[in-house]
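Protein chains: 2
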Amino acid sequence: MSFSQYLAEQQAIADGALDRVVPGEAQSPETIHKAMRYSLFAGGKRVRPILCMEACRTVGRRVEGVEFAAATLELIHTYSLIHDDLPALDNDDLRRGRPTNHVVFGEAMAILAGDSLLTLAFQVLAQLKGLDAAVRCALIEELSVAAGTVEGMIAGQVRDIEGEKAEPTAERLDAIHRAKTGALLRGSVRMGALYGGATDEELAALTTYGEAIGLAFQIVDDILDIEQSSEQLGKTAGKDAAQHKITFPVVYGLERSKAMAAEQLAKAHSSLEMFGERAARLRQLADKIVHRDA
Amino acid sequence: MSFSQYLAEQQAIADGALDRVVPGEAQSPETIHKAMRYSLFAGGKRVRPILCMEACRTVGRRVEGVEFAAATLELIHTYSLIHDDLPALDNDDLRRGRPTNHVVFGEAMAILAGDSLLTLAFQVLAQLKGLDAAVRCALIEELSVAAGTVEGMIAGQVRDIEGEKAEPTAERLDAIHRAKTGALLRGSVRMGALYGGATDEELAALTTYGEAIGLAFQIVDDILDIEQSSEQLGKTAGKDAAQHKITFPVVYGLERSKAMAAEQLAKAHSSLEMFGERAARLRQLADKIVHRDA
Numbered sequence: 022m023s024f025s026q027y028l029a030e031q032q033a034i035a036d037g038a039l040d041r042v043v044p045g046e047a048q049s050p051e052t053i054h055k056a057m058r059y060s061l062f063a064g065g066k067r068v069r070p071i072l073c074m075e076a077c078r079t080v081g082r083r084v085e086g087v088e089f090a091a092a093t094l095e096l097i098h099t100y101s102l103i104h105d106d107l108p109a110l111d112n113d114d115l116r117r118g119r120p121t122n123h124v125v126f127g128e129a130m131a132i133l134a135g136d137s138l139l140t141l142a143f144q145v146l147a148q149l150k151g152l153d154a155a156v157r158c159a160l161i162e163e164l165s166v167a168a169g170t171v172e173g174m175i176a177g178q179v180r181d182i183e184g185e186k187a188e189p190t191a192e193r194l195d196a197i198h199r200a201k202t203g204a205l206l207r208g209s210v211r212m213g214a215l216y217g218g219a220t221d222e223e224l225a226a227l228t229t230y231g232e233a234i235g236l237a238f239q240i241v242d243d244i245l246d247i248e249q250s251s252e253q254l255g256k257t258a259g260k261d262a263a264q265h266k267i268t269f270p271v272v273y274g275l276e277r278s279k280a281m282a283a284e285q286l287a288k289a290h291s292s293l294e295m296f297g298e299r300a301a302r303l304r305q306l307a308d309k310i311v312h313r314d315a
Numbered sequence: 022m023s024f025s026q027y028l029a030e031q032q033a034i035a036d037g038a039l040d041r042v043v044p045g046e047a048q049s050p051e052t053i054h055k056a057m058r059y060s061l062f063a064g065g066k067r068v069r070p071i072l073c074m075e076a077c078r079t080v081g082r083r084v085e086g087v088e089f090a091a092a093t094l095e096l097i098h099t100y101s102l103i104h105d106d107l108p109a110l111d112n113d114d115l116r117r118g119r120p121t122n123h124v125v126f127g128e129a130m131a132i133l134a135g136d137s138l139l140t141l142a143f144q145v146l147a148q149l150k151g152l153d154a155a156v157r158c159a160l161i162e163e164l165s166v167a168a169g170t171v172e173g174m175i176a177g178q179v180r181d182i183e184g185e186k187a188e189p190t191a192e193r194l195d196a197i198h199r200a201k202t203g204a205l206l207r208g209s210v211r212m213g214a215l216y217g218g219a220t221d222e223e224l225a226a227l228t229t230y231g232e233a234i235g236l237a238f239q240i241v242d243d244i245l246d247i248e249q250s251s252e253q254l255g256k257t258a259g260k261d262a263a264q265h266k267i268t269f270p271v272v273y274g275l276e277r278s279k280a281m282a283a284e285q286l287a288k289a290h291s292s293l294e295m296f297g298e299r300a301a302r303l304r305q306l307a308d309k310i311v312h313r314d315a
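Protein chains in written order, with the numbering used here: chain A, 22 to 315; chain B, 22 to 315.
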């Protein structure tokens, strides 16, 4: 199977799992379920669920049903996008080429839709069928820390907001990206590893992989915001500069930023050596993250 | 010990547990932890944690550490208050006699503080020490469903918002209150019962108790909004009528509403019969919920 066929197949698996775990649009109260589904099924690439599922298969001691655990990463990612786009935060009207949640459903419902996706993520993990309760708790711990305020996604969002008024230093940049995008991508890989029954050694190797691609993802994101148009990105381009965000190109320049992304890609590859051919798809996923154009 | 001494002691236990589970104000990024703590430690009565701890003791097979599970109910309750008070929702500037979170920290930080408390609740439950993982998962399931979109708190909030434009019928009122306030109060009692190792029969009895006091709580809340001043309530009085909310007095009138609260109190008492003297505090808590003045 070609890599693009593989990606399409994996997206379909993630979409199917999401459709199963989120209440239908006919479920009362209908508005909230419509709002949740509007942003969930808006053409997301499902990067986090796919990383989770593939990390799980690479370990491979338990695979069945991992798509439902993987789906919870997309619930968290989507909640963060809905809240990020709100007028009080990034005030963005466009996401994946469509009007953002609050533009369609109003601010009140967008706030509640984000809250709902966040809540549902933990419900789904707690209710995972056929999975040992200790593993379910480990997954919930992993996801909540990755999304949280100390070293997780919310820490990154807060630092990002506060960074708009601060001096763009390498240290500050590192603290922002590591939490904002890095924590959930790292968590995606680690949740897959935990689901798959990873040994300590395997978990450590996959954590290194997750951190490297998390960093690479953010560097490339910052570069694309400069080099691509809004049409190509499906979201507003050039926002980082307009909002005085601390980005890799601002701190290191474009060329050095590109070299750093390549370094992280090499690190991701070398972290996978112990898995041999079983990690072929994880290698391709790392390549895709660095060489993407949107 | 008098009941008021008992209440003060229980509030102190809940406060101590909250202080332990929430990162300190010095934890980076400081702003978010300050915002979380501002609303958490704003003089809340800790009704939900106290109900949880007391239901646990009434069952009594396991009690140690229940205050940390109980604290997660206050995390959820506080997140819902912060988001409810936002300009896009109830647009309230006053809560427990103090400026609301977004007035002090800005809307962006208030949205993130709510998200943070919600996320932290599940982290705390997943990490509960010395508790069987199956019980931790059961608590997470209970809390996420009670806070969720189908029969939980968010369902109630959505119905409440949409009810402002709808005909005030008994059926609609029931659907709102059962979810909006009822689900989390019911969940508080049930989480305590689950922590305490309840049998099916004990869990069923305490569920009936939780539903009765949940309903009574909301009826009294609606009555107080009419009969008390803003100073007495510590929040804006008379808002229900101003916002055309569907309330018990609107649907049933004041006198019938008071009779209904008394009926639910009687139901709460009779549900506790099997526990005898062990449920003395739960009976007093039910009395207090109905006979409170704020």
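Glycine included, each C-beta is placed from N, C-alpha and C at the ideal position.
| Query | Result |
| --- | --- |
| Mapping the DSSP letters down to three states, classify residue 120 of chain B as helix, strand or coil. | strand |
| Would you say residue 295 of chain B lies against chain A (beta-carbon separation less than 9 Å)? | no |
| Any chance the CB of residue 154 of chain A is under 8 Å from a heavy atom of the ligand SAH? | No copy of the ligand SAH occurs in the structure displayed, which carries no ligand at all. |
| Taking the alpha helix (DSSP H) that residue 57 of chain A falls in, what are its first and last residues? | 51-61 |
| Which residues share a DSSP beta bridge with residue 115 of chain B? | B:120 |
| Assuming the contact rule is C-beta atoms closer than 8 Å, residue 185 of chain A and residue 266 of chain A should be a hit. Round their C-beta distance to whole Å, please. | 6 Å |
| Around the C-beta of residue 99 of chain B, are 16 or more other C-beta atoms found within 10 angstroms, so that it is buried, or is it exposed? | buried |
| Suppose you measure from the CA of residue 233 of chain B to the CA of residue 286 of chain B; what does that come to, to the nearest Å? | 7 Å |
| Using CA atoms only, rank isn't needed, just tell me which of A:50, A:55, A:57, A:92 is closest to residue 66 of chain A. | A:92 |
| Consult DSSP for residue 279 of chain A and reduce its assignment to one of helix, strand or coil. | helix |
| Our contact map puts residue 220 of chain A next to residue 207 of chain A with C-beta atoms below 8 Å; I'd like the distance itself, whole angstroms only. | With a Cβ gap of about 18 Å, residue 220 of chain A and residue 207 of chain A do not count as contacting. |
| Could you check whether the Cβ of residue 166 of chain A sits closer than 9 Å to any Cβ belonging to chain D? | Absent from the structure: chain D. Protein chains present are A and B. |
| Find the residues of chain B that neighbour residue 9 of chain A, judging by a C-beta separation of less than 7 Å, and give them in chain order. | Because chain A spans 22 through 315 in this model, residue 9 of chain A falls outside it and cannot be assessed. |
| Reducing DSSP to helix, strand and coil, say where residue 168 of chain A ends up. | coil |
| Can you tell which of A:119, A:115, A:71, A:151 has the C-alpha that lies nearest to the C-alpha of residue 31 of chain A? | A:71 |
| Measuring CA to CA, which of B:115, B:34, B:45, B:161 is closest to residue 63 of chain B? | B:115 |
| Mark residue 150 of chain A as exposed unless 16 or more other C-beta atoms lie within 10 angstroms of its C-beta, in which case mark it buried. | exposed |
| Relative to the C-alpha of residue 19 of chain A, which candidate in A:235, A:212, A:248 has its C-alpha closest? | Absent from the model: residue 19 of chain A. The displayed extent of chain A is 22 to 315, so no value can be given. |
| Quick one: what does DSSP say residue 271 of chain B is sitting in, helix, strand or coil? | helix |
| Taking all protein chains shown into account, do 16 or more other C-beta atoms lie within 10 angstroms of the C-beta of residue 190 of chain B, making it buried, or fewer, making it exposed? | exposed |
| When you compare the stretch 133-147 of chain A with the stretch 159-170 of chain B, are there three or more beta-carbon pairs, one atom per stretch, that lie closer than 8 Å? | yes |
| Ends of the alpha helix (DSSP H) at residue 109 of chain A? | Careful: residue 109 of chain A lies outside any alpha helix (DSSP H) and carries neither H nor E. |
| Closer than 7 Å, Cβ to Cβ, to anything on chain A: give me those residues from the stretch 109-133 of chain B, in chain order. | 109, 110, 128, 129, 132, 133 |
| Would you mind sorting residue 203 of chain A into buried or exposed? The rule is 16 or more other CB atoms within 10 Å of its CB. | buried |
| When the Cα atoms are used, what is the spatial distance from residue 298 of chain B to residue 210 of chain B? | 18 Å |
| Look at residue 169 of chain B and residue 250 of chain A and say whether their C-beta atoms are less than 9 Å apart. | no |
| Pull out every residue of the stretch 78-96 of chain B whose Cβ sits closer than 9 Å to any Cβ of chain A, in chain order. | none |
| Note down, in chain order, each residue of its chain lying with its Cβ closer than 6 Å to the Cβ of residue 37 of chain B, except the 5 sequence neighbours on either side. | none |
| In the DSSP assignment, the alpha helix (DSSP H) including residue 248 of chain A goes from what residue to what residue? | 221-248 |
| Verify the CB distance criterion: does residue 73 of chain B have a CB-CB separation below 9 Å to chain A? | no |
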